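Residue numbers (my numbering): 24 to 135.
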Amino acid sequence: MPFNTNKTNDKSVVANDDKLADIALNIESIINNIENSVNKINNLLDNTKYCWNDTPSDMLREDSKFDYVLARRVIIKLSRQKNDLLQIAGNYKTAEKDNANIINSLPNNILE
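Right, here's the structure in full:
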């Protein structure tokens, strides 16, 4: 990430909204893979009822339901991070556009 070098002794980060959006899309792809894997695992464990049925198997399936809920919560939190990045990228893009409009609305010679 580049630093803002236009100001003396200023180390503020210059936002790269396109890069933030790319990162968000990569996160979304990874989240989808995680979600698919969690669903596959859940289905496999649920299908054990057809080949294993007693108290330990019931406990395993109950635990897996609890784990599935936890995994869904993680997926939701990761999705929020992706959404936050997209929101930040959009905010920077809007601010840059607004600033450009303000600059363009100034007269050519503001000293007159």
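Glycine residues also receive a C-beta, built at the ideal position from the N, C-alpha and C atoms. Remember, predicted model here, so these are calculated numbers, not experimental data.
### Message
Along the chain, where does the alpha helix (DSSP H) containing Lys42 start, and where does it finish?
### Response
Looking up residue 42 in the sequence shown gives position 19. Segment 40 to 69, the alpha helix (DSSP H) holding Lys42.
### Task
Using only alpha-carbon positions, find the residue among Asn39, Ser52, Lys63 that is nearest to Leu101.
Taking the first residue of the sequence shown as position 1, residue 101 is located at position 78. It is Ser52 whose Cα lies nearest to the Cα of Leu101.
### Query
What first and last residue would you give for the alpha helix (DSSP H) that runs through Tyr91?
Taking the sequence shown and counting its residues from 1, the one referred to as residue 91 is at position 68. Start and end: 78 to 128.
### Task
Return yes when the Cβ of Leu109 is within less than 8 Å of the Cβ of Ala38, no when it is not.
Numbered from 1 along the sequence shown, position 15 holds the residue referred to as residue 38. Numbered from 1 along the sequence shown, position 86 holds the residue referred to as residue 109. Cβ atoms of Ala38 and Leu109: not closer than 8 Å.
### Query
Around the Cβ of Leu67, are there at least 16 other Cβ atoms within 10 angstroms (buried) or fewer (exposed)?
Taking the first residue of the sequence shown as 1, we reach residue 67 at position 44. With fewer than 16 Cβ atoms within 10 Å of its Cβ, Leu67 is classed as exposed.
### Task
Identify which residue in Glu119, Asp86, Ile54, Leu93 has its Cα closest to the Cα of Asp69.
Looking up residue 69 in the sequence shown gives position 46. Of the candidates Glu119, Asp86, Ile54, Leu93, the one whose C-alpha sits nearest the C-alpha of Asp69 is Asp86.
### Task
Could you check the C-alpha separation between Asn122 and Lys105 for me, to the nearest Å?
Within the sequence shown, numbered from 1, the residue matching residue 122 stands at position 99. Within the sequence shown, numbered from 1, the residue matching residue 105 stands at position 82. Annotation: Asn122 to Lys105 spans about 26 Å, alpha carbon to alpha carbon.
#### Entry: Exposure of Leu129, with buried meaning 16 or more beta-carbon neighbours within 10 Å
Here residue 129 refers to the residue found at position 106 of the sequence shown. By the neighbour-count criterion, in which a residue is buried when 16 or more other Cβ atoms sit within 10 angstroms of its Cβ, Leu129 is exposed.
### Message
Classify Leu93: buried if its beta carbon has 16 or more other beta carbons within 10 angstroms, exposed otherwise.
### Response
Taking the sequence shown and counting its residues from 1, one reaches residue 93 at position 70. Burial check for Leu93: the Cβ neighbour count within 10 Å stays below 16, so the residue is exposed.
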